[in-house]
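Trainee: Protein chains in written order, with the UniProt record's numbering: chain A, 1 to 649; chain B, 1 to 649.
Take this structure first; my questions come after.
2 protein chains.
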Amino acid sequence: MTLPESEVDVLIVGAGPAGLMLATWLSRLNIRTRIVDKRSTKIMAGQADGFQCRTLEILDSFGIDRVWKESNHMLEVCFWNPDENGTIRRTGRVPDTPHGFSRFTECVLHQGRMERFFLDHLKEDGDMIRIERPVLPSGLQIDEGNMEDATAYPITINLRHLTDEEATPDQGSNIPNGLFRSNLTADDTEDLIKISSGKEGTEEVVRAKYVVGCDGAHSWTRKQLGFKMEGEHTEIIWGVLDIVPVTDFPDIRVRCLIHSASAGSLMVIPREKRVVRLYIQLKEVSEGGGAVDRSKVTPEQILKAAQKIIAPYKLDYEQCDWFTAYQIAQRVSDGFDKFERIFLAGDAVHTHSPKAGQGQNVSLQDSYNLGWKIGLVARGQATREILKTYATERQQIARDLIAFDQKFSKLFSGRPAKDVSDETGISLEEFRNVFHKGAVFAAGLSVDYGPNILVVKEDEGKDGGVRCKPALANKVKIGMRLDSRKVVNQSDSLPIELQKLLPSDGRFRLIVFPGDISKSEINSRYERLGEYLSSPKSVVSIYTPQNAPRDSVIEILTVHAAKRIEIELQSLPEAFHPFDRAKGWDYWKVYADDESYHEGHGKVYENFGIDRDQGCVIVVRPDGYVATVVAVEDTQSLEAYFVRFMIKV
Amino acid sequence: MTLPESEVDVLIVGAGPAGLMLATWLSRLNIRTRIVDKRSTKIMAGQADGFQCRTLEILDSFGIDRVWKESNHMLEVCFWNPDENGTIRRTGRVPDTPHGFSRFTECVLHQGRMERFFLDHLKEDGDMIRIERPVLPSGLQIDEGNMEDATAYPITINLRHLTDEEATPDQGSNIPNGLFRSNLTADDTEDLIKISSGKEGTEEVVRAKYVVGCDGAHSWTRKQLGFKMEGEHTEIIWGVLDIVPVTDFPDIRVRCLIHSASAGSLMVIPREKRVVRLYIQLKEVSEGGGAVDRSKVTPEQILKAAQKIIAPYKLDYEQCDWFTAYQIAQRVSDGFDKFERIFLAGDAVHTHSPKAGQGQNVSLQDSYNLGWKIGLVARGQATREILKTYATERQQIARDLIAFDQKFSKLFSGRPAKDVSDETGISLEEFRNVFHKGAVFAAGLSVDYGPNILVVKEDEGKDGGVRCKPALANKVKIGMRLDSRKVVNQSDSLPIELQKLLPSDGRFRLIVFPGDISKSEINSRYERLGEYLSSPKSVVSIYTPQNAPRDSVIEILTVHAAKRIEIELQSLPEAFHPFDRAKGWDYWKVYADDESYHEGHGKVYENFGIDRDQGCVIVVRPDGYVATVVAVEDTQSLEAYFVRFMIKV
């Protein structure tokens, strides 16, 4: 029988957070994309719930603000430990997200809402990409001869269309639960392929330029590529309950880390709509160290374990939204892509325990790193060379994540120290220490991409390369995400977060910090930069198609250090506020580092370590990470940076 | 022919801002309501666009935040006046909304979006009320014998269902415009009634408890009641243009008041999506003082006038979204209701010039004042007595509005003074003065309802009345809206605006400021209040139905002045954080006036003028206005307040 065949630029396997983030990017960049998922519905309850600062910044860059709005903002952490009589007591209280990390703080909301927001966003963003479900891949071939031809479709993949019945796993409980997705349960992908095989009209063949496996811990795509998950697993089992608690425990609405004297540990995660998630160490189920008896994992069983830990406080519930159980394990894949044609992202390349709320965040950030790179290459704007940076940049993050989780998990599952001489127990001091150090990592703000074709951290001037000058913005870290401060719009005095000027739309940005342009010599330098940018040889001119808007490939933004009222927009070079015959001048490109009427002073020069006389230009990648920093007049370095990977029109 | 008959609690005539606000209230309170409008669609372009602080607070109290999100926040005002050579120059720059007024600032967005948000909100809020259009009333009878029976339906109204063709006015231009709604054009309601009369199946009879005419300046409802609009009109004509300007005028993105030497005045209102609204004095059209030639009012004509005023700067456009023209007039109705059964709101009772951005705001606030009163009476919770306060409270506001607009309009239409000796001209000083004084009024924050059954401003203790103690919160004004400060949730440390705790849901609120409850004598007083509130004789107990939640009629909130970490919620009386068998304790009733982790200290005691030892209880009406202030222990005054109008269950 002949199967229907078609072509697509990108095929995404799996519509969880990693897959949906990728679809969102590719929709924004107008890339022909399909996304399939083997389950017949999105997540309806449970699964991931933690949203870290960096994830919230990224969502905001797509205009998705509903997570921040609907979630529970979890601001405080309390530590509970046994006192000398073995009774749990509150022993410490710290902010969950330290002050100054980000304009967001950690928050929690169930994964199903996040998926809903992505789906709504895809719809509003042109409705070009719809999730196809239940559909799963059943075969993969690679035409290895065609790898470097950017116009080729070297990947062939067979897709099976299932019925909803075939795709719905038996949950074995009337309460929604995650056991069928847990690492306590075998994967069902092969069964699903078998069930559906040989049925007429259920299979098709797709030829793709790129395939991205966002298909979870049991990734079918990863298995086709022959990659292995490397790492450890323990015999420690934890249960998870999403309940509306009825309790006299005083800190049920703050994040709590409770170590009981001998009944194990419990973590409290207060959620939206009165729900609280509890992570509970299951002593009884895993006792004996033998195979886990999955039948024992019931909400009642998990609650019983929690009641022992939280005693003498009472804990009960009438409403349980979801439950699951998992075995603590940390594993990372030994490969992240094949030929820069097939990529893996999210749980498909790293799995770990969920308590630090990292899984969904790192997964989203994997495909956030990948999406614009595939997009720019597929559009013919950048060379395939940039695709190599996906594995180098994200593999390191995955390893860091695993190391972090090992440390973090041990602290939790360990026994609390009885006193200072108790060396095998975990002391409160040790606990708070690791917890504090982990905060930046956990917030997603320690990501620091090493030097590569997209990131220049050191002066390469002597070889005709980029004369990178990190000292010109000495509090900005090249390779890390650009932090946000409020700046004031030159034209209307509106204060706005700098990150709001960096929406995820595939553009590189030159943020020009010309200094105090009310001084004439500083202004002259700025004017010369403007002249260059308007000239036909500038990086803007040579990479922007003739009929496209001037700011569609590389956008120029200005943040000057003069008083706003001393400057008139009309006196600045057109390069900094382009004119359009139908729309007039662009009033949304030039900002002042100045006091606003109602929201204070962002002090961006001070916070970025930029001198008001010297200034600088910060080059920002389409994902908001700092590519390099150069001097205001150093147009040659701008050319040296973009020539590495950009394709002239 | 027999007409179909039906009953409804409330019939709203007109689905503009006033009607939609009323529908929103009644939907929230589950009141059986119908709303009809004679036009076949909502506003698609133009009309009102200004949103004042108080309106934004009110919208937020319904959870409607999209105006704030989508609008242009207009932060700065620039004054332009002729210099000694007659050339316009920027002569001043001030914030549009002074600092400290509100957590919002003035913003602008076209009325059609606002209507869209109301419609979406009604849908999400249960979809019980849908706008019926094009439908208009054609007859009204009142059964005067039945006025005081709260269960009666004494108003009978005939409704005509039009076809879309019948209801669509000829705009006389291919650019959407407001001329057919302007006061330069005769009303078409009677024509519409005539057109549709005698057609089979187009008429029905509705018997209603209440009818509210939100049917605009030409209000059919007002005419049926025989009320007259009293006031003045001038011969001064202004044009309005909504365009995407192409101009070198430097302040096109800030609100500008431009007085030219001899070509008249112009106001610039920068809007969302690159649009700018221009208000332009039309010298040529109104010249001669005779009847206005409506055919001369074209976008080209208005632009020409604007170009003369704004010269030597250039002004042009390729995109015009909407235009209109109007004659300056200020009028107020001599009646606001009949028998407290038929009410009028919005333009039906006050009309004036649009330049101060008041129309939509005062209209919304009219029906915001009325909605909960009708709702509580219709639900049988309050006596009909409270309905009298609608006219007394809003008639005064309408008169203030008219007086404000007369002053404001004259300033605009007047000729700028040549020098200090030029007494008939308007001096810049005079202009800035009136402008500044008008700011509080224009922001909607000067509304101060006088003493009445709902508002107690003075101590009536000697007559067994309310022992009102304004001095206990000496910066809170009884009769005015309660200002907002950030408070910190006792249970989870989340900082939240106090106004966010006062959603518009029909509940009265007792905000208990017990003082510093870490001190035992202060805490004892607070505990005694808690005991009273839990007792069967308390105002909460006697007005709340047995099976309804304890907080469903009168909600008790606490803002204490102790350090948050010194207080445990579980140690506070249950009255302040009610327990529910299925949901556990209520963690969203008790707050601390304390420093938050990320958002500073709201200092509510200091800002409200409340002593940390004395404390007080602020009684807040369902619309967020302060009803009275009493001492913490003065439970007798709470009883004295509510007994005036509440109905026991």
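Ideal Cβ placement from N, Cα and C applies to all residues, glycine included.
Since the model is a prediction, treat every value here as computed from it, not as a measurement.
1. Which bits of chain A does Lys583 of chain B rub up against, with CB to CB less than 7 Å?
2. Using alpha carbons as the reference points, say which of B:Arg90, B:Lys407, B:Tyr605 and B:Glu76 lies closest to Ala562 of chain B.
3. Taking Leu11 of chain A as the reference, give the member of A:Pro176, A:Gly213 and A:Gly609 with the closest Cα.
4. Of all the residues that make up the segment 245 to 269 of chain B, which are near chain A by a beta-carbon distance shorter than 7 Å?
5. Assign Gln360 of chain B to one of three DSSP states: helix, strand, or coil.
6. Could you pull the DSSP bridge partners for Met229 of chain B from this structure?
7. Taking just the CA atoms, how far does Ala217 of chain A sit from Tyr396 of chain A?
8. Look at the alpha carbon of Glu555 of chain B and the alpha carbon of Gln47 of chain B, and state the distance between them as a whole number of angstroms.
9. Answer with yes or no whether the minimum CB distance from Gln319 of chain A to chain B is below 8 Å.
10. At a Cβ cut of 7 Å, what residues of the segment 93 to 109 of chain A count as close to chain B, listed as they run along the chain?
11. Measure the C-alpha to C-alpha separation of Asp593 of chain B and Pro514 of chain B and round it to an integer number of angstroms.
12. Could you tell me whether the Cβ of Ser353 of chain A comes closer than 8 Å to any Cβ of chain B?
13. Ser491 of chain A touches chain B at which residues, Cβ-Cβ below 7 Å?
14. Considering Cα atoms alone, identify which of B:Val620, B:Arg253 and B:Leu140 is closest to Ile511 of chain B.
15. Give the residues from the segment 568 to 595 of chain B that approach chain A closer than 7 Å (Cβ to any Cβ), ordered along the chain.
16. Going by the DSSP bridge assignment, what does Tyr326 of chain B pair with across the sheet?
17. Which stretch, first to last residue, makes up the alpha helix (DSSP H) that contains Asn607 of chain A?
18. Mind checking Asn369 of chain B: buried by the 16 CB within 10 Å criterion, or exposed?
19. Grouping DSSP H, G and I as helix and E and B as strand, with all else coil, what is residue 710 of chain B?
20. What are the boundary residues of the beta strand (DSSP E) that Thr628 of chain B is part of?
21. Could you check the C-alpha separation between Ile193 of chain B and Thr202 of chain B for me, to the nearest Å?
22. List, in chain order, every chain A residue whose beta-carbon is nearer than 8 Å to that of Tyr368 of chain B.
23. Contact between the segment 119 to 135 of chain B and the segment 30 to 40 of chain B: three or more CB pairs below 8 Å?
24. Applying a beta-carbon distance threshold of less than 9 Å, which residues of chain B neighbour Leu303 of chain A?
25. Classify Asn72 of chain B as buried or exposed, calling it buried when 16 or more other Cβ atoms lie within 10 Å of its own Cβ.
26. Can you say whether His99 of chain B is buried or exposed, counting buried as having 16 or more other CB atoms within 10 angstroms of its CB?
27. Exposed or buried, what is Ile269 of chain A when buried is set at 16 or more other beta-carbons lying within 10 Å of its beta-carbon?
28. Can you tell me where the alpha helix (DSSP H) with Val434 of chain A in it begins and where it stops?
29. Mind listing the chain A neighbours of His73 of chain B? Cutoff is C-beta to C-beta under 8 Å, in chain order.
30. Quick check on Arg141 of chain B: buried or exposed, where buried means 16 or more other Cβ atoms within 10 Å of its Cβ?
31. Starting from Asn158 of chain A and walking both ways along the beta strand (DSSP E), at which residues does that stretch end?
32. With a threshold of 16 other CB atoms inside 10 Å of the CB of Gly450 of chain A, please say whether the residue is buried or exposed.
33. Counting pairs of Cβ atoms below 8 Å between the segment 581 to 593 of chain A and the segment 543 to 559 of chain A, do you hit three or more?
34. I'd like to know if Ile129 of chain B contacts chain A, where contact means its C-beta is closer than 8 Å to some C-beta of that chain.
35. Just the chain B side, please: which residues come within less than 8 Å of His598 of chain A by C-beta, in chain order?
36. Is there a Cβ of chain B sitting closer than 8 Å to that of Ile565 of chain A, yes or no?
Mentor: Put simply:
1. Val244 and Arg274
2. B:Tyr605
3. A:Gly213
4. Cβ contacts with chain A: Pro245, Val246, Thr247, Asp248, Pro250, Arg253 and Val254.
5. helix
6. B:Ser333
7. The amino acid at residue 396 of chain A is misidentified as Tyr; the sequence shows Gln. The alpha-carbon atoms of Gln396 of chain A and Ala217 of chain A are separated by roughly 18 Å.
8. 39 Å
9. yes
10. Listed by position, the residues of the segment 93 to 109 of chain A near chain B (Cβ gap below 7 Å) are Arg93, Pro95, His99 and Thr105.
11. Separation of Asp593 of chain B and Pro514 of chain B (C-alpha to C-alpha, rounded to the nearest whole angstrom) is 11 Å.
12. no
13. Chain-order list of chain B residues neighbouring Ser491 of chain A: Arg253, by C-beta distance under 7 Å.
14. B:Val620
15. Hits within the stretch, in order: Glu568, Leu569, Gln570, Ala582, Lys583, Gly584 and Tyr587.
16. In DSSP, Tyr326 of chain B forms a bridge with B:Trp238.
17. Val604 to Phe608
18. By the 16-neighbour rule on beta-carbons within 10 angstroms, Asn369 of chain B is buried.
19. The structure shown has nothing for residue 710 of chain B, since chain B only spans 1 to 649.
20. Val626 to Val630
21. Going from the Cα of Ile193 of chain B to the Cα of Thr202 of chain B covers about 11 Å.
22. For the C-beta of Tyr368 of chain B, not a single chain A residue is nearer than 8 Å; the gap to the nearest is close to 24 Å.
23. The segment 119 to 135 of chain B, when compared against the segment 30 to 40 of chain B, does touch it at the 8 Å Cβ threshold.
24. In chain order: nothing, as chain B lies at least about 14 Å away.
25. buried
26. exposed
27. Buried, because 16 or more other Cβ atoms sit within 10 Å of the Cβ of Ile269 of chain A.
28. Leu428 to Ala442
29. Leu494
30. The sequence given here has Gln at residue 141 of chain B, not Arg. Answer is exposed; the Cβ neighbour count stays below 16.
31. Ile155 to His161
32. exposed
33. yes
34. no
35. Leu75, Pro95, Thr97, His99 and Thr105
36. Using a CB distance cut-off of 8 Å, Ile565 of chain A counts as an interface residue toward chain B.
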